[in-house]
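Reading through the structure tokens given below for one structure.
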């Protein structure tokens with residue numbers, strides 16, 4: 003059982019469409035991060051959210067942290083082929099004794115067709 | 524900074540052989556993480572170090588896996604003997620603690636080592 007459940011696992015859309023990726027858990031996180039990974043490379047951080055209800059925007063990407071800090075979403079507006087990649091959410095458990103340790107979701111493979 | 528450096532980038536070996544993966548973290552970072560990534564299991568944390576000391580090795584699959592960090596600029600992950608099911612991409616990442624120890628700082632990942640055990 004995954005501590006962080008990401009959905010959907012695969013997403014194939016046309017350029018210009020909008021999409022949302024979800025990251026859910028029954029556990030509370032002190033912070034949650036979203037990473038993007040391209041083939042042959044390691045994940046790269048997109049954003050960190052730390053406050054329940056927090057919304058952050060990065061150009062066409064909007065990230066939201068749930069009020070209870072158990073879930074998060076990533077919304078992409080007008081997707082472009084350059085958005086293609088693996089998107090990973092990762093959380094640091096609240097009250098955990100292992101500072102610095104992240105738990106990763108399974109990831110969402112996004113393909114944006116021209 | 525050159526970022527996290529991993530070597531080799533690709534490793535092909537036969538079952539039963541010893542494999543050693545190497546990592547040089549970003550200078551000044553005091554946390555180092557080893558992950559394994561497969562399609563089936565996603566990105567799994569194997570072990571992580573703080574100031575060269577192993578903090579949590581609960582993700583190490585079995586005794587065939589061992590990791591060391593002899594100094595702040597070098598770490599190894601060794602598999603002995605290797606098995607086909609160890610085939611995966613192994614990532615090293617590093618980070619530094621935020622002031623006050625609150626929150627989670629960015630983990631910077633290396634390019635990974637693609638291991639194939641035949």
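Residue numbers (the numbering used here), protein chains in the order written: chain A, 3 to 116; chain B, 524 to 641. Every residue gets a Cβ at the ideal spot worked out from N, C-alpha and C, and that includes glycine.
- By the rule that beta-carbons nearer than 8 Å mark a contact, residue 634 of chain B touches chain A.
- Look at residue 618 of chain B: its C-beta is under 8 Å from a C-beta on chain A.
- Distances from the CA of residue 43 of chain A to each of B/636, B/640 and B/641 were compared; the closest alpha carbon is that of B/636.
- With a cutoff of 8 Å on beta-carbon distance, residue 619 of chain B and residue 552 of chain B are scored as near each other.
- Sequence-distant Cβ neighbours of residue 574 of chain B in its own chain, meaning closer than 8 Å and more than five residues away, are 553 and 595.
- As the crow flies, the alpha-carbon of residue 529 of chain B is around 30 Å from that of residue 114 of chain A.
- Any Cβ of chain A closer than 8 Å to the Cβ of residue 629 of chain B would place that residue at the interface, and such an atom is present.
- Taking 8 Å as the threshold, the shortest C-beta distance from residue 575 of chain B to chain A does not fall below it.
- DSSP places residue 532 of chain B outside both helix and strand once states are collapsed to three, so it counts as coil.
- In this model, residue 25 of chain A and residue 60 of chain A are separated by some 18 Å (Cα to Cα).
- Under the criterion of beta carbons closer than 8 Å, residue 38 of chain A and residue 48 of chain A qualify as touching, at roughly 5 Å.
- Interface annotation, residue 108 of chain A: in contact with chain B, CB-CB separation under 8 Å.
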